[in-house]
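The numbers in our numbering rise by one with no breaks, and the one at position 85 of the sequence shown is 85.
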Amino acid sequence: MSAPLPTALYLHVPWCVRKCPYCDFNSHTQDGPLPEAPYADRILADLDWDLAHYGPPAAPVGSIFFGGGTPSLLAPNTVATLLRGIGQRLALAPDCEITLEANPGTAEAARFQGYREAGVNRLSLGVQSFSPRALGALGRIHSGDDAQRAIELAQEAGFERLNLDLMHGLPGQSAEEGLRDITLALASGVTHLSYYQLTIEPNTAFYRRPPTLPEEAILETLEVTGQAALSAAGFEAYEISAWAKGDAQCRHNLNYWRFGDYFGLGPGAHGKLSRRAAGGRLQVVRTQRSRVPNHWLAGSPAPAREEVLDEERLREESLLNVLRLRAGVPLALFEAHTGLAAACLEPERQAQIEAGLLHADALAATDLGWRFLNRLLAALAR
């Protein structure tokens, strides 16, 4: 009998002080006070609906993630209320990872301490850059000094598990400026970095009015020198854009990339849940809540969309996730998390092994495969 699927919770906090021009997430500027009590009530109503219709997870919840938007706009007592309500409805693993995303521009010592006391044990700081010029170009509300102070406040509050989001390839960025960002991040003593290149996404201000981005040679230098600095400091790239020291890998994101289950709660939140259909066959369901905060608050707790994935979608979506991981996943885990037989990947899998893009003993890209990941995905997903 296979082990029960790991399960996580994602809670979406849609509000921001100001919408960043590069952001394509479901975030909304909030001028007045946040509707925190109705928000908490509705999050728990979403969870109640999902539990009633999909059933409780077979294993204790391994991670909870407050994403946004800007979750650090929530008062610590609201976070405590939510975690208490979740704990009353679900069994949590003793070492459950509870992450909250925070904007350095909303950092306060008392607030960080309050999150820690509420049960949050991991913070993710949206630093993006330490450069005043770059932060201005990105429309961020914090300064480089604010970012460094937020890191110090988080560490003083007892957060040993701390991630920094850091982007490169920013408007007008030089190779020297980008390397300085990495140097300052490493000097802070954090053990996890999300390091990725700025991309211009549809439905953003940058898409409508594109900024001037660095030339290709500078982009390549930024990527190569940044990755070299991270490696020299003892960080390992366990995923395309995620670097960790020791055991500081983000368990919540690992669950996504291994194609585990998760409840998606809050406006616009996506979920992925499994259930047994007739005959015991595993059925994977994608859910999405209503995107507009006021509509979500006033509407039904049922997802706005629900889709049962067919075999083609299952294969494609699982591969898009697991091949992001440096270690990939064992074929047995692919079967357990999708309900598909590994044979569905043949003969393409064998062809990619012979081409040197895929390891033979796991569903994992080789070094060469990571360089040609789009080609590998296209071959396996068809």
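Where a beta carbon is used, it is the ideal one built from N, C-alpha and C, also for glycine.
Owing to the predicted nature of the structure, the values given are computational and were not obtained by experimental measurement.
The bridge partners DSSP lists for residue 285 are 273, 308.
Runs of the alpha helix (DSSP H) lying entirely within the stretch 169-223, each at least 4 residues long, are 175-187, 205-208 in chain order.
Approximately 7 Å separates the beta-carbon atoms of residue 288 and residue 268; this is inside 8 Å, confirming the contact. Looking only at 170, 240, 271, the smallest Cα-Cα distance to residue 327 is reached by 240. Annotation: residue 290 to residue 353 spans about 42 Å, alpha carbon to alpha carbon. Leaving aside the five residues that flank residue 321 on each side, the residues in its chain whose CB is nearer than 8 Å to its CB run, in chain order, 256, 257, 258, 259. The Cβ atoms of residue 369 and residue 323 sit closer than 9 Å to each other. One Cα belongs to residue 17, the other to residue 347, and the distance between them is close to 51 Å. Annotation: residue 292 to residue 158 spans about 35 Å, alpha carbon to alpha carbon. The criterion of a C-beta distance shorter than 9 Å is not satisfied by residue 108 and residue 124. Residue environment for residue 29: exposed (fewer than 16 other C-beta atoms within 10 angstroms of its C-beta). If only complete runs of 3 or more residues are kept, the stretch 25-101 shows the beta strand (DSSP E) at 61-68, in order along the chain.
Here DSSP, grouped into helix, strand and coil, assigns residue 294 to helix. A straight line joining the alpha-carbon of residue 89 with that of residue 63 spans about 15 Å. Put simply, of 379, 129, 121, 46 the residue whose alpha carbon is nearest the alpha carbon of residue 193 is 129. Going by C-alpha positions, residue 224 is about 32 Å away from residue 334. When secondary structure is reduced to three states using DSSP, residue 340 falls in the coil class, being assigned neither helix nor strand. The beta carbons of residue 121 and residue 86 sit about 14 Å from each other, so the pair does not count as a contact at 8 Å. Annotated as distal: residue 8 and residue 76, with beta-carbon spacing of 9 Å or more. In the DSSP assignment, the residues bridged to residue 239 are 242, 325. Going by beta carbons, residue 273 and residue 314 fall outside the 9 Å limit. Rounded to whole angstroms, the separation of the alpha carbons of residue 250 and residue 65 is 10 Å. Each residue's CA atom was taken as its position, placing residue 185 and residue 111 some 22 Å apart. Using a 10 angstroms sphere on the CB of residue 177, the tally of other CB atoms reaches 16 or more, which defines it as buried. Residue environment analysis places residue 209 among the exposed positions, since fewer than 16 neighbouring C-beta atoms fall within 10 angstroms of its C-beta. Secondary structure note for residue 142: it is in no alpha helix (DSSP H), with a DSSP letter that is neither H nor E. When rounded, the separation of the alpha-carbon atoms in residue 349 and residue 175 is 39 Å. Boundaries for residue 259: no alpha helix (DSSP H) harbours it, and the DSSP string shows neither H nor E there. DSSP places residue 264 within a strand segment (E or B) once states are collapsed to three. Short of 8 Å from the beta carbon of residue 204, and not among the five residues preceding or following it, lie these beta carbons of its own chain, in chain order: 21, 22, 23, 24.
For residue 13, DSSP records a beta bridge to 68. Rounded to the nearest angstrom, the gap between the Cα atoms of residue 183 and residue 135 is 17 Å. Under the three-state reduction of DSSP output, residue 165 falls in the strand class. Relative to the Cα of residue 310, the nearest Cα in the group 299, 191, 283 belongs to 283. One thing to note: residue 212 has its Cβ no nearer than 9 Å to the Cβ of residue 264. A distance of 9 Å or more separates the beta carbons of residue 262 and residue 230.
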